[in-house]
Amino acid sequence: MAGSTDYFGPPRQKGYLVNIAGPVLYGSVAGYVSDDVERAPIESVYVSSGQAEAWTDVDGYYSLRDVLIGNRDVSFSHPDYRDTTVTGVGVTLGNTTILDVQMSLFSGCDYAIGDVNGSGNYNGLDITYGVSYFKGGSEPMCPYGSCPIAPCDAFFYCGDVNGSCNYNGLDITYGVAYFKGGPSPIPCGDCPPLGAIAESEPISRMR
Ligand SMILES: [Ca+2]
Ligand SMILES: [Ca+2]
Numbered sequence: 068m069a070g071s072t073d074y075f076g077p078p079r080q081k082g083y084l085v086n087i088a089g090p091v092l093y094g095s096v097a098g099y100v101s102d103d104v105e106r107a108p109i110e111s112v113y114v115s116s117g118q119a120e121a122w123t124d125v126d127g128y129y130s131l132r133d134v135l136i137g138n139r140d141v142s143f144s145h146p147d148y149r150d151t152t153v154t155g156v157g158v159t160l161g162n163t164t165i166l167d168v169q170m171s172l173f174s175g176c177d178y179a180i181g182d183v184n185g186s187g188n189y190n191g192l193d194i195t196y197g198v199s200y201f202k203g204g205s206e207p208m209c210p211y212g213s214c215p216i217a218p219c220d221a222f223f224y225c226g227d228v229n230g231s232c233n234y235n236g237l238d239i240t241y242g243v244a245y246f247k248g249g250p251s252p253i254p255c256g257d258c259p260p261l262g263a264i265a266e267s268e269p270i271s272r273m274r
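Written out as structure tokens, the structure reads:
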């Protein structure tokens, strides 16, 4: 009988080998990371896939070792650039897969802070619109998709003027104080408006 043969036979080599052969089930991914506009190398990009991690050198090159074989996702992140993930990268045993990536500069989200009525700027009408919303009126009209990062992908992010990353009555209070000469609006830190990173100029008051 087949079952008896198995029982009295040698240990199952297949399972045994898998247990001791873990380290050889890896491959590598290596390549060049550059700016998608100037094609210039980007230094210090954090590259990761599962447990494997690496950083690009001054010339934009990275070498990610000990990546599990199979189709893997490889992620690239850098504070000045939009996060990039390449999915389904084929990693084979003991080989190096070449993966060059271009990253786009993260220059902020395309919206005007406080502009809940979709007019393109922040003024007293946005306060009125906001008060109306909290009484059951129309939702804020933040440009949809201008900021594809949570929580900035929610409908209300443009109404956040006190930097709390949500929109509530405190933003109305803050806005009213601002238009009376109080502190400038503060965007949610995860959703910086375009230009806010490079310039951080005070937003001009519009009454
Ligand atoms: Ca407005
Ligand atoms: Ca808020």
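Per the numbering used here, residue 68 is the first one in the sequence shown, and the count goes up by one each step.
Just so you know, even glycine gets a beta-carbon here, dropped at the ideal spot from N, CA and C.
Leaving out the 5 sequence neighbours to the left and right, which residues in its chain are closer than 7 Å to A88 when beta-carbon positions are compared? Interpretation of A88 is limited by its pLDDT of 49, a score under 50 that renders its predicted location unreliable; the figure taken from the coordinates is listed afterwards. Cβ neighbours of A88 beyond the five flanking positions: none.
So if DSSP puts N229 in a beta bridge, which residue, or which two residues, is it bridged to? Under DSSP, the beta-bridge partners assigned to N229 are I253.
Can you list, in chain order, the residues of its chain whose CB lies under 6 Å from that of G256, leaving out five sequence neighbours each side? So no residue of the chain qualifies.
Beta-carbon spacing of I180, P250 below 8 Å: Not a contact, by the Cβ cut-off of 8 Å.
Check whether S116 and D140 have beta carbons under 8 Å apart: Annotated as proximal: S116 and D140, with beta-carbon spacing under 8 Å.
Ends of the beta strand (DSSP E) at A179? That residue, A179, is in no beta strand (DSSP E); it is neither H nor E in DSSP.
Measuring CB to CB, does V183 end up less than 8 Å from C232? Cβ distance not < 8 Å, so V183 and C232 don't count as in contact.
Out of S142, E110, T123, G161, state which residue places its alpha-carbon closest to the alpha-carbon of G155. Of the candidates S142, E110, T123, G161, the one whose C-alpha sits nearest the C-alpha of G155 is S142.
Start and end of the beta strand (DSSP E) containing L135? Going by DSSP, L135 is part of the beta strand (DSSP E) stretching over 128 to 135.
Taking DSSP as the reference, what is the three-state secondary structure of T195? It is helical.
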